[in-house]
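Peer 1: Residue numbering for the sequence shown follows the working numbering, beginning at 7 and increasing consecutively.
Glycine is no exception: its CB is placed at the ideal position from the N, C-alpha and C atoms.
Because the structure is a prediction, the values reported are computed rather than measured.
Before anything else, here's the structure in question.
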Amino acid sequence: MAVRTHIVNLGMVNLSSTGVVINKTTATIKEVAEASSSLRVLPSSSVANSASYPTIEDYIAAEAASDYILGTVNQSFIVTYHKADF
7 MAVRTHIVNL GMVNLSSTGV VINKTTATIK EVAEASSSLR VLPSSSVANS
57 ASYPTIEDYI AAEAASDYIL GTVNQSFIVT YHKADF
């Protein structure tokens with residue numbers, strides 16, 4: 007039996023003063039200088055809950071709402087498994 011698995015990468019992103027992810031290649035020097043950094047879930051086209059760079063906590067909550075359970079979290083990635091497969 008196949009186990010439905012979601013694996014998403016984590017990465018450091020720059021955030022504006024309002025908490026919006028900024029792109030260093032298109033941001034102004036002022037925006038980059040005033041930015042803060044945060045470890046976020048990087049978007050994956052195969053995992054809907056990863057859209058828009060959610061925080062780790064928000065991603066895990068969204069996965070739980072989609073009937074996925076947490077498997078592994080480390081500094082690089084998060085793995086979740088569908089409840090029905092266990």
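Just checking, does the segment 66-77 make contact with the segment 20-40 on the three C-beta pairs under 8 Å criterion?
Peer 2: Too few Cβ pairs lie closer than 8 Å, so no.
Peer 1: Using only alpha-carbon positions, find the residue among L45, I35, M18 and S50 that is nearest to E63.
Peer 2: Closest option to E63, Cα to Cα, is L45.
Peer 1: Take the Cβ of I13 as the centre, count every other Cβ of all protein chains shown within 10 Å, and call the residue buried at 16 or more, exposed below.
Peer 2: I13 comes out exposed.
Peer 1: For V38, is the classification buried or exposed, using 16 other Cβ atoms within 10 angstroms of its Cβ as the cut-off for buried?
Peer 2: It counts as exposed.
Peer 1: When we look at the beta-carbon of T86 and count the other beta-carbons within 10 Å, is it buried (16 or more) or exposed?
Peer 2: Classification for T86: buried.
Peer 1: Going by Cα to Cα distance, which pick from N80, R10, S51 and I84 is closest to Y65?
Peer 2: Among N80, R10, S51 and I84, the Cα nearest to that of Y65 is on I84.
Peer 1: Quick check: what's the CA-CA separation for D73 versus T31?
Peer 2: One C-alpha to the other measures close to 37 Å.
Peer 1: Using 8 Å as the threshold, is the C-beta distance between S50 and S56 below it?
Peer 2: Yes, Cβ-Cβ distance for S50 and S56 is below 8 Å.
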